[in-house]
Amino acid sequence: MIDDASFFLPVRELAVRLRTRKLGPVELATACLDRLEKLGPRYNAVVTVMRESALTDARTAEREIAAGRYRGLLHGIPCGVKDLVATKNAPTTWGAAPYRDQRFDYDATAVQRLRAAGAVLCGKLAMVELAGGMGYNHADASFTGPGLAPWNTKFWSGGSSSGPGSAVAAGLVPFAIGSETSGSILTPAAYSGVTGLRPTYGLVSRHGAMALCWTLDKLGPMARGADDCAIVLAAVAGRDAKDESTSTRGFAYQRRPEPPARPLRVAVPKGVTDKVQPEVRANFAASLEALEDVIDVTRDVEWPDLPWGPAVSAIVGAEGASAFLDLIESGRVKELACPKDRHGGYAGTLIPAVDYLQAMRLRRPMKRAVAALFEKFDLVASPTRATVAYPADKNFEDAYPGISGGPALIPAGNLCGLPALAMPNGFGENGLPTSIAFMGPAFSERRLVQLGNVYQTRTDWHLKRPPVA
Amino acid sequence: MSRLPQPPITDRRRFLVTIGLAGLSSTLVPSALAFAQSATPPGGGAPAKPDSAAAPAAPAEISDDARSLGEIVRRRYGKHLTPEQLEAVIREMDGRIQGGKRLRETKLANGEEPDFTFHA
Numbered sequence: 143m144i145d146d147a148s149f150f151l152p153v154r155e156l157a158v159r160l161r162t163r164k165l166g167p168v169e170l171a172t173a174c175l176d177r178l179e180k181l182g183p184r185y186n187a188v189v190t191v192m193r194e195s196a197l198t199d200a201r202t203a204e205r206e207i208a209a210g211r212y213r214g215l216l217h218g219i220p221c222g223v224k225d226l227v228a229t230k231n232a233p234t235t236w237g238a239a240p241y242r243d244q245r246f247d248y249d250a251t252a253v254q255r256l257r258a259a260g261a262v263l264c265g266k267l268a269m270v271e272l273a274g275g276m277g278y279n280h281a282d283a284s285f286t287g288p289g290l291a292p293w294n295t296k297f298w299s300g301g302s303s304s305g306p307g308s309a310v311a312a313g314l315v316p317f318a319i320g321s322e323t324s325g326s327i328l329t330p331a332a333y334s335g336v337t338g339l340r341p342t343y344g345l346v347s348r349h350g351a352m353a354l355c356w357t358l359d360k361l362g363p364m365a366r367g368a369d370d371c372a373i374v375l376a377a378v379a380g381r382d383a384k385d386e387s388t389s390t391r392g393f394a395y396q397r398r399p400e401p402p403a404r405p406l407r408v409a410v411p412k413g414v415t416d417k418v419q420p421e422v423r424a425n426f427a428a429s430l431e432a433l434e435d436v437i438d439v440t441r442d443v444e445w446p447d448l449p450w451g452p453a454v455s456a457i458v459g460a461e462g463a464s465a466f467l468d469l470i471e472s473g474r475v476k477e478l479a480c481p482k483d484r485h486g487g488y489a490g491t492l493i494p495a496v497d498y499l500q501a502m503r504l505r506r507p508m509k510r511a512v513a514a515l516f517e518k519f520d521l522v523a524s525p526t527r528a529t530v531a532y533p534a535d536k537n538f539e540d541a542y543p544g545i546s547g548g549p550a551l552i553p554a555g556n557l558c559g560l561p562a563l564a565m566p567n568g569f570g571e572n573g574l575p576t577s578i579a580f581m582g583p584a585f586s587e588r589r590l591v592q593l594g595n596v597y598q599t600r601t602d603w604h605l606k607r608p609p610v611a
Numbered sequence: 087m088s089r090l091p092q093p094p095i096t097d098r099r100r101f102l103v104t105i106g107l108a109g110l111s112s113t114l115v116p117s118a119l120a121f122a123q124s125a126t127p128p129g130g131g132a133p134a135k136p137d138s139a140a141a142p143a144a145p146a147e148i149s150d151d152a153r154s155l156g157e158i159v160r161r162r163y164g165k166h167l168t169p170e171q172l173e174a175v176i177r178e179m180d181g182r183i184q185g186g187k188r189l190r191e192t193k194l195a196n197g198e199e200p201d202f203t204f205h206a
């Protein structure tokens, strides 16, 4: 019998138990499968529980570990993937009714690599339909229902990786793979109170993942802590011949216990806390204070004044309309759950090519502007979101009037393909988590994780458990 | 031709609505809010408050360009759309036209290529 606390252990601690055979992969997988089945529906977190294949994989892991063929820290660790990642032994629904019976006869590269590392894939996790590409404005935007925060189920778990966020938060799986086009890992990490790592564009293969926007989509880990995220990223990162955008750089990771050799220069852009919720502001300040001996903070840094929002809007609008043109033109978008999604794709079909190309041309000066900033600073810090999670029963625009997060860091980071780490840093309204984000230059994941490890050694927000019965 | 009254683009709520309609989201909210955030004046000034304390916003017209594009949508996809949905699409078009203007305001050198590379 596994005690409840074990479901909230970091990957590294579970790995020790598995390697030393104090815990068996079959026992652990069975318990996670049971939780996915029993508790998953409470948060609308799960699309498919993969009991049969998971137990097969767990038995293999058990035999290998017993025989001394230990593959590494993910060997025997249960996990889930957002249901836009193709798997050959379960449907891949993209969160959308028109695709609820869709099947692929192959595993996405990320899934292949997780399996190769010995991870046990237990379930396909819920998501906002089509990763939000049709313009949803309400939590109830998935054929599996609104993703709900385990901290308070009257509130959204965030999107579009809603299932990975709530499943990790509720201890249904120790880690999950989410995806981000513009905010879809960071936001559910923040709203669900877990750690999310958005990798540099091209670090993780997109092969087998639903395409919303070829030049923005990224897969990345969501887990208890930064260390977990790095362990998972190391397993899935690297060049893939099936995805030309992938980098040869890869990501090797070994946890370094010591803080950075010199204080990291951290920029806090002007305006990032001016209009956020009071608890978000206070928790952000406390987080920086907790790191004061390892970071050198410069406040009120001017963020480059470029049309970040319109650029990401034009690119997602045009690429999304192209990616789902058949669905839009056939009228089958009317089968989507969110009323706004039923018409949201049509305007994208008429975005002028010049606007799309202008946005794509702007990405070069945008990258130069941000690169210039990163010559003076190692990282940029901000609250991940200006508010706690949105109420599940309200349109987003009606949730928190008057609240704003300042500069458009999420669109900017995604347009420039930059990595970011979101970590829980306290609680705000209605007992919901708040979060801090650090963003760095391309391929700075190691530095982000190192700082994240320092923060999570000094605080325990990432170890807090929601009231899961 | 009927025209829905709209608050000005500088109104935050209107901006959010515009963005929401703009189908921007892979996480609509993050993107939408960030988009709205990007509309703050240079130097990080505050956008107009949409709460009850704020002065009521003057209605804004949907542009003729958006109406014209809306007519194309009606001809191509009208059978899939209710009149209310078509009107929402037109409002989104208007937001996209405003966004396009912002994209074109940034001058780019002739040699500034789109950030993707074609390989033969």
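Order-wise, the sequence lines are chains A and B. When we follow my numbering, the leftmost residue of the first sequence carries the number 143, and every step to the right adds one. When we follow my numbering, the leftmost residue of the second sequence carries the number 87, and every step to the right adds one. Glycine is no exception: its CB is placed at the ideal position from the N, C-alpha and C atoms. The model shown is predicted, which means the values in this text are computed figures rather than measured ones.
Euclidean distance between Cα positions of residue i and residue j
i, j, result
"residue 332 of chain A", "residue 527 of chain A", "7 Å"
"residue 525 of chain A", "residue 551 of chain A", "10 Å"
"residue 193 of chain A", "residue 306 of chain A", "18 Å"
"residue 247 of chain A", "residue 563 of chain A", "33 Å"
"residue 230 of chain A", "residue 184 of chain B", "44 Å"
"residue 188 of chain B", "residue 447 of chain A", "12 Å"
"residue 254 of chain A", "residue 160 of chain B", "45 Å"
"residue 431 of chain A", "residue 452 of chain A", "35 Å"
"residue 535 of chain A", "residue 239 of chain A", "21 Å"
"residue 318 of chain A", "residue 540 of chain A", "30 Å"
"residue 497 of chain A", "residue 161 of chain A", "54 Å"
"residue 265 of chain A", "residue 223 of chain A", "7 Å"
"residue 367 of chain A", "residue 155 of chain A", "12 Å"
"residue 435 of chain A", "residue 150 of chain A", "29 Å"
"residue 357 of chain A", "residue 201 of chain B", "9 Å"
"residue 588 of chain A", "residue 579 of chain A", "15 Å"
"residue 369 of chain A", "residue 175 of chain B", "44 Å"
"residue 314 of chain A", "residue 211 of chain A", "27 Å"
"residue 383 of chain A", "residue 347 of chain A", "9 Å"
"residue 517 of chain A", "residue 374 of chain A", "29 Å"
"residue 139 of chain B", "residue 544 of chain A", "Bear in mind that a pLDDT of 32 at residue 139 of chain B, under 50, signals an unreliable position, so the number given afterwards is only what the model happens to contain. The straight-line gap from Cα to Cα measures roughly 10 Å."
"residue 268 of chain A", "residue 256 of chain A", "19 Å"
Which of helix, strand or coil DSSP assigns to residue i
i, result
"residue 273 of chain A", "helix"
"residue 601 of chain A", "coil"
"residue 614 of chain A", "Because chain A in this structure spans residues 143 to 611, residue 614 of chain A falls outside the shown range and cannot be described."
"residue 314 of chain A", "coil"
"residue 336 of chain A", "coil"
"residue 156 of chain B", "helix"
"residue 524 of chain A", "strand"
"residue 319 of chain A", "strand"
"residue 85 of chain A", "Nothing can be reported for residue 85 of chain A: it is not among the residues displayed for chain A, which extend from 143 to 611."
"residue 487 of chain A", "coil"
"residue 176 of chain B", "helix"
"residue 568 of chain A", "strand"
"residue 190 of chain A", "strand"
"residue 192 of chain B", "coil"
"residue 595 of chain A", "helix"
"residue 295 of chain A", "strand"
"residue 580 of chain A", "strand"
"residue 264 of chain A", "strand"
"residue 482 of chain A", "helix"
"residue 541 of chain A", "coil"
"residue 253 of chain A", "helix"
"residue 362 of chain A", "strand"
"residue 561 of chain A", "coil"
Integer Cβ distance of residue i from residue j, believed to fall under 8 Å
i, j, result
"residue 504 of chain A", "residue 449 of chain A", "7 Å"
"residue 337 of chain A", "residue 312 of chain A", "Incorrect: roughly 15 Å between the Cβ atoms, too far for contact."
"residue 219 of chain A", "residue 153 of chain A", "6 Å"
"residue 603 of chain A", "residue 568 of chain A", "6 Å"
"residue 482 of chain A", "residue 277 of chain A", "5 Å"
"residue 105 of chain A", "residue 221 of chain A", "Nothing in the structure corresponds to residue 105 of chain A, since chain A is present only between 143 and 611."
"residue 177 of chain B", "residue 148 of chain B", "6 Å"
"residue 236 of chain A", "residue 249 of chain A", "Incorrect: roughly 16 Å between the Cβ atoms, too far for contact."
Could you tell me whether the region 160-179 of chain A touches the region 201-220 of chain A, using the rule of 3 or more Cβ pairs below 8 Å?
yes
Using 8 Å as the threshold, is the region 339-348 of chain A in touch with the region 561-576 of chain A, meaning 3 or more CB pairs across them?
Segments in contact, yes.
Report the residue ranges of all alpha helix (DSSP H) runs contained in full by the region 381-465 of chain A; include only those spanning at least 4 residues, in chain order.
420-432, 450-465
Could you tell me which whole beta strand (DSSP E) segments of length 3 or greater appear in the region 192-251 of chain A?
220-224
Counting Cβ pairs, one atom from each stretch, are 3 or more of them under 8 Å apart for the region 465-482 of chain A and the region 425-439 of chain A?
no
Using 8 Å as the threshold, is the region 504-513 of chain A in touch with the region 385-400 of chain A, meaning 3 or more CB pairs across them?
Judged by Cβ distances under 8 Å, the region 504-513 of chain A makes no contact with the region 385-400 of chain A, as fewer than three pairs qualify.
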